[in-house]
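Visitor:
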Amino acid sequence: MFTQRHLLGIESLTPEGITEILDLADHYAKHNLKQNKHLDVLAGLTQVNMFFENSTRTQASFEIAGKRLGADVMNMSMQASSIKKGETLIDTALTLNAMHPDLLVVRHPHSGAVKLLAEKVNCAVMNAGDGRHEHPTQALLDALTIRRSKGRLHRLTIAICGDIAHSRVARSNIFLLGKMENRIRLIGPKTLMPSGVDKLGVEVTDDMNEGLKDVDVVMMLRLQKERMDGGFIPSEREYYHRWGLDPAKLANAKPDAIVMHPGPMNRGVEIDGTLADDINRSVIQEQVEMGVAVRMAVMELLARNLRKSKEEATTC
Ligand code: NCD
């Protein structure tokens, strides 16, 4: 059961909680194909999106999800806000809290910032990515995409490739896919492996051809240069040659292996552009589609838990 007040990461979820979210998201994925998508599940609730870091798909996805469920949605432009004038994160949180939002969606460049904020507010908080720590809704939408494509979410071999060290997407996926009893292989240059990788319960290699052997899923990651402060890779050309996904390297995987990428993609750096668009192999567009469904599911469950805790508080 998903009984949490916030969604801050995958690490604290149970396999049952994950399955509950995915089952509800599956229902919303079907609902989202209807012409009339409007529902009133979140009617009367206020959702505020606070993005302290650039985002295209994640912010749009949370906004569409909230609107489809009937919430009042506000996007706060953190570039233009008082943050630029030196207000601390806590002050911003307290100011917002005084406006009584019900759901707060937060993306922040520092690991742990979203948790800190959640401790200061009365509403439900969703982590939309904090530093290199976690990006829980991305891992959930990846899981839903895999489950729909493979018919199951256990006993699969899944390769996560590229810049693992700087990736919150990789961390959340390692937690989720591990909890669901899959075999995980991390592939990438040694310089882009996180410290303590040996404690994660995964296989590690720097050889793409060897690592992709017989995998069911190939998950590619963006080279996150904005988080690199030195020479982690030789050159983009050499990186593509050794770790970029192209048809020749993909030939090592199972013939029905799917290709994933959380976006934004650097075509010709971590992935061949034609392969990324190949609808027979790539599920990248479906990941975006599942993103809306997963966020609808998470918001419905958090709103339910929020109502329950408010009812309990008034009957005490
Ligand atoms: C990811 C992120 O922001 O962590 N993108 C996303 O949410 N779709 C991955 C990335 O930026 O490379």
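Each residue of the sequence shown is one higher than the one before, starting from -17 at the first, in the numbering used here. Ideal Cβ placement from N, Cα and C applies to all residues, glycine included.
1. Do LEU123 and ILE156 have their CB atoms nearer than 7 Å?
2. Note down, in chain order, each residue of its chain lying with its Cβ closer than 6 Å to the Cβ of LEU98, except the 5 sequence neighbours on either side.
3. Quick one: Cα of ASP22 to Cα of ILE72, how far?
4. For the alpha helix (DSSP H) that GLU45 lies in, which residues bound it at each end?
5. Near ALA285, which residues of its chain fall below 8 Å by C-beta distance, leaving aside the five closest residues on each side in sequence?
6. I'd like to confirm something about THR13: is its beta-carbon nearer than 6 Å to some heavy atom of the ligand NCD, or not?
7. CB-CB under 8 Å to ASN79, same chain, minus the five flanking residues each way: which ones, in chain order?
8. Among ASN31, ASP211, ALA235, which has the Cα closest to the Cα of ALA42?
9. With a cut-off of 8 Å, do at least 3 Cβ pairs link the region 214 to 229 to the region 169 to 178?
10. Going by DSSP, what residue range makes up the beta strand (DSSP E) through THR173?
11. Cα-Cα, which of ILE240, ASP189, GLY170, VAL200 is closest to ILE215?
12. Quick check: what's the CA-CA separation for HIS82 versus ASP180?
13. Quick check on the DSSP output: the alpha helix (DSSP H) that includes GLY255 runs from which residue to which?
Guide: Taking the coordinates as given:
1. no
2. none
3. 32 Å
4. 39 to 50
5. VAL23, LEU24, LEU27, ASP84, LEU85, ALA106
6. Per the sequence presented here, residue 13 reads as His, with Thr not at that position. No - the ligand NCD has no heavy atom lying nearer than 6 Å to the Cβ of HIS13.
7. LYS102, VAL103, ASN104, CYS105
8. ASN31
9. yes
10. First-last for THR173: undefined, no H or E at that position.
11. GLY170
12. 44 Å
13. 255 to 259
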